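Before any comments, here is the structure.
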Amino acid sequence: MGEIVPAITHFEKQIEEARFECSMKGILEKHSREMPGIVEHRFNQLQEVEAILEFLNTEMRKLRAQTFRKFLEVITKHLVHVMQINL
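First residue of the sequence shown: 15, per our numbering; consecutive thereafter.
Structure follows, in C-alpha coordinates:
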(Lines of atoms letter the chains of each structure in order from A; the text may use other names.)
(Lines give C-alpha, C1' and ligand atoms only; values in the text may rest on other atoms or scores of the structure.)
Protein backbone atom coordinates (compact mmCIF):
# COMPACT_ATOMS: atom_id res chain seq x y z
CA MET A 15 0.00 0.00 0.00
CA GLY A 16 2.93 2.35 0.60
CA GLU A 17 3.84 2.29 -3.08
CA ILE A 18 0.56 3.82 -4.22
CA VAL A 19 1.73 7.45 -4.11
CA PRO A 20 4.87 6.78 -6.20
CA ALA A 21 2.73 4.80 -8.67
CA ILE A 22 0.30 7.70 -8.99
CA THR A 23 3.20 10.11 -9.56
CA HIS A 24 4.70 7.77 -12.16
CA PHE A 25 1.48 7.44 -14.12
CA GLU A 26 0.79 11.19 -13.94
CA LYS A 27 4.18 11.72 -15.62
CA GLN A 28 3.26 9.07 -18.17
CA ILE A 29 0.04 10.94 -18.98
CA GLU A 30 2.04 14.08 -19.74
CA GLU A 31 4.43 12.07 -21.95
CA ALA A 32 1.48 10.48 -23.75
CA ARG A 33 -0.07 13.86 -24.46
CA PHE A 34 3.18 14.99 -26.08
CA GLU A 35 3.63 11.65 -27.88
CA CYS A 36 0.17 11.70 -29.40
CA SER A 37 0.24 15.25 -30.68
CA MET A 38 -0.27 15.21 -34.43
CA LYS A 39 2.13 17.93 -35.47
CA GLY A 40 4.75 17.43 -38.11
CA ILE A 41 5.06 14.55 -40.53
CA LEU A 42 1.88 12.47 -40.45
CA GLU A 43 3.49 9.49 -42.21
CA LYS A 44 6.03 9.22 -39.39
CA HIS A 45 3.28 9.47 -36.78
CA SER A 46 1.19 6.83 -38.53
CA ARG A 47 4.15 4.42 -38.42
CA GLU A 48 4.80 5.10 -34.72
CA MET A 49 1.17 5.03 -33.61
CA PRO A 50 0.73 1.21 -33.28
CA GLY A 51 3.72 0.99 -30.94
CA ILE A 52 2.54 3.96 -28.93
CA VAL A 53 -0.97 2.53 -28.62
CA GLU A 54 0.38 -0.86 -27.50
CA HIS A 55 2.64 0.77 -24.90
CA ARG A 56 -0.15 2.96 -23.52
CA PHE A 57 -2.60 0.03 -23.52
CA ASN A 58 -0.13 -1.97 -21.41
CA GLN A 59 0.05 0.95 -19.01
CA LEU A 60 -3.74 1.04 -18.86
CA GLN A 61 -3.73 -2.63 -17.89
CA GLU A 62 -1.22 -1.88 -15.10
CA VAL A 63 -3.44 0.91 -13.76
CA GLU A 64 -6.50 -1.36 -13.91
CA ALA A 65 -4.60 -4.06 -11.99
CA ILE A 66 -3.68 -1.51 -9.31
CA LEU A 67 -7.31 -0.37 -9.15
CA GLU A 68 -8.52 -3.96 -8.79
CA PHE A 69 -6.01 -4.53 -5.96
CA LEU A 70 -7.18 -1.39 -4.18
CA ASN A 71 -10.83 -2.38 -4.58
CA THR A 72 -10.07 -5.80 -3.11
CA GLU A 73 -8.25 -4.23 -0.16
CA MET A 74 -11.14 -1.80 0.38
CA ARG A 75 -13.67 -4.67 0.41
CA LYS A 76 -11.55 -6.57 2.96
CA LEU A 77 -11.27 -3.51 5.18
CA ARG A 78 -14.98 -2.78 4.87
CA ALA A 79 -15.83 -6.39 5.82
CA GLN A 80 -13.49 -6.30 8.83
CA THR A 81 -14.95 -3.00 10.01
CA PHE A 82 -18.51 -4.29 9.59
CA ARG A 83 -17.68 -7.46 11.56
CA LYS A 84 -16.22 -5.39 14.40
CA PHE A 85 -19.27 -3.14 14.32
CA LEU A 86 -21.59 -6.16 14.58
CA GLU A 87 -19.57 -7.59 17.47
CA VAL A 88 -19.75 -4.32 19.42
CA ILE A 89 -23.47 -3.90 18.74
CA THR A 90 -24.17 -7.51 19.73
CA LYS A 91 -22.22 -7.13 22.99
CA HIS A 92 -24.03 -3.90 23.74
CA LEU A 93 -27.45 -5.43 23.04
CA VAL A 94 -26.68 -8.47 25.21
CA HIS A 95 -25.59 -6.15 28.01
CA VAL A 96 -28.77 -4.05 27.69
CA MET A 97 -30.95 -7.18 27.63
CA GLN A 98 -29.28 -8.49 30.81
CA ILE A 99 -29.87 -5.18 32.58
CA ASN A 100 -33.55 -5.16 31.60
CA LEU A 101 -34.13 -8.69 32.89
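Heads up, the beta-carbon is just placed ideally off N, CA and C, and yes, glycines get one too. These figures come from a predicted structure and were not determined experimentally.
For residue i, the three-state DSSP class (helix, strand or coil)
i, result
"E17", "coil"
"L70", "helix"
"I29", "helix"
Beta-carbon contacts of residue i that lie in its chain and below 6 Å, excluding the five residues immediately before and after
i, result
"R56", "A32"
Sequence-distant residues of its chain with Cβ nearer than 7 Å to residue i (five each side left out)
i, result
"E22", "Here the sequence assigns Ile to residue 22, which means Glu is not the residue at that position. Around I22: no qualifying Cβ."
8 Å CB neighbourhood of residue i in its chain, flanking five on each side removed
i, result
"I18", "I66, L70"
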